[in-house]
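Student:
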Ligand code: XMP
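In full-length UniProt numbering, the protein residues as written are 201 to 531.
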């Protein structure tokens, strides 16, 4: 039978065989898949692995610190923290259109990544957190479901002129739940292994309109409260039902900052400030989603805390739309 231990041993042996004494580079996003690849490669080849963490400033509160902590203290890899926050802020300064935000953030990632990669000596391999469903999906999208070109997504990495790396994709046979089990067995913390889906463009697509440092700071603080309260709510449901994905638990939850202000009152003073929109959905695959029927007291606590603790916010609204016709994200 396949135990987690033997699966890890097999993967480690395969990585060692493929890599030999060469070096490997990996773009670490803080997400489940790239983190598990990093942990697996750390086990297999240790400091022959360089993890490049491109910090675009659009991750949630404390996330960059958490990623750095795990991959500098717990795993012995070569960890490069690229502080690209200012460059992203400048690139996004006047951008409103959601797909334009995505395009800029994605292409800048590869610029930042290859700037580091080209400076490292003797790197032959680029490790990727491709999982089995990614391969199926990209094949299905490109060919209408035919299996013949299912690896076409490989071509999506925009290698600069004259640059080439061989790919190593240790998770390409695994489904998401197997990847999580692997991560836990490798010692990754729950906050990474059970991280909820988070878009690559990060908080930029949860700020409607232009992205500014002020808005980012408001959204990070409000979002941290949403996560704290709903993490606790999910933990209580887990405690009661023993199921991580019980019908009552919330699948994805976050705050959105719209591009409007409204009038409020605080003490004797009129305020004119942003609202925060709470988004919380139940889903299994993100293709469809139901808005979560959260208890009023949980909603009330989130609202009271946000308006009390986050300067610049005077109102909280709950998005009670399912997907379709809405999407989970606002952009
Ligand atoms: P929507 O908003 O389309 O989101 O209902 C479905 C799921 O996908 C996530 N999402 C993204 N993930 N890059 C990503 O990696 C993106 O640009 C992106 N947009 C949406 C979203 O968080 C949800 O889980």
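Ideal Cβ placement from N, Cα and C applies to all residues, glycine included.
Given the structure is predicted, the values throughout are model-derived calculations rather than measurements.
#1: How long is the line joining the alpha carbons of residue 526 and residue 506, rounded to whole angstroms?
#2: I need the straight-line Cα distance from residue 270 to residue 441, nearest angstrom please.
#3: Assuming residue 408 contacts residue 459 under a Cβ cut-off of 8 angstroms, what Cβ separation, rounded to an integer in Å, is found between them?
#4: Given 6 angstroms as the limit, tell me if residue 524 has its C-beta closer than that to any heavy atom belonging to the ligand XMP.
#5: Taking only three categories from DSSP, how would you classify residue 350?
#6: Please enumerate, following chain order, all residues with a beta carbon closer than 6 angstroms to at least one heavy atom belonging to the ligand XMP.
#7: How many angstroms separate the CA atom of residue 244 from the CA atom of residue 212?
#8: Where DSSP assigns a beta bridge to residue 452, which residues make up the other side?
#9: Hey, could you find the ends of the beta strand (DSSP E) residue 434 is sitting in?
#10: Taking the straight line between their C-alpha atoms, what separation do you get for residue 414 and residue 421?
#11: Taking three-plus beta-carbon pairs below 8 angstroms as touching, is the region 222-236 in contact with the region 380-395?
#12: Can you name, in chain order, every residue of its own chain whose Cβ lies under 8 angstroms from the Cβ of residue 205, other than the five neighbours on each side?
#13: Out of curiosity, what's the CA-to-CA distance linking residue 439 and residue 399?
#14: Which of helix, strand or coil does DSSP assign to residue 309?
#15: Give me the Cβ distance between residue 423 and residue 261, rounded to the nearest whole Å; I'm assuming they're in contact under 8 angstroms.
#16: Where does residue 203 fall in DSSP's three states?
#17: Quick check on this structure: which residue in 522, 293 and 502 has the alpha carbon closest to the alpha carbon of residue 513?
#18: Please report the straight-line C-alpha distance between residue 515 and residue 479, rounded to a whole angstrom.
#19: Would you tell me roughly how many angstroms separate the C-alpha atoms of residue 462 and residue 454, rounded to the nearest one?
#20: For the beta strand (DSSP E) holding residue 515, just list the boundary residues, first then last.
#21: Do residue 323 and residue 225 count as a contact pair if the criterion is CB distance below 7 angstroms?
#22: So residue 277 and residue 249 are in contact, right, with Cβ under 8 angstroms, and what is the actual spacing, rounded?
#23: Excluding the 5 residues preceding and the 5 following residue 373 in the sequence, name in chain order all residues of the same chain whose CB lies nearer than 7 angstroms to its CB.
#24: The beta strand (DSSP E) spanning residue 281 covers which residue range?
#25: With distances taken between CB atoms, is the gap from residue 312 to residue 282 smaller than 7 angstroms?
#26: Suppose you measure from the CA of residue 303 to the CA of residue 522; what does that come to, to the nearest Å?
#27: Could you name the residues that DSSP lists as bridge partners for residue 457?
Tutor: Result, derived from the coordinates:
#1: 24 angstroms
#2: 30 angstroms
#3: 5 angstroms
#4: no
#5: The pLDDT assigned to residue 350 is 40, lower than 50, so where the model puts this residue is not dependable, and the model offers no usable value.
#6: 302, 397, 399, 400, 401, 452, 486, 523, 527, 528 and 529
#7: 5 angstroms
#8: 481
#9: Here residue 434 belongs to no beta strand (DSSP E); instead the alpha helix (DSSP H) covers 413-441.
#10: 11 angstroms
#11: yes
#12: 385
#13: 28 angstroms
#14: helix
#15: 7 angstroms
#16: coil
#17: 502
#18: 14 angstroms
#19: 21 angstroms
#20: 513-518
#21: yes
#22: 5 angstroms
#23: 332
#24: 278-283
#25: yes
#26: 26 angstroms
#27: 407
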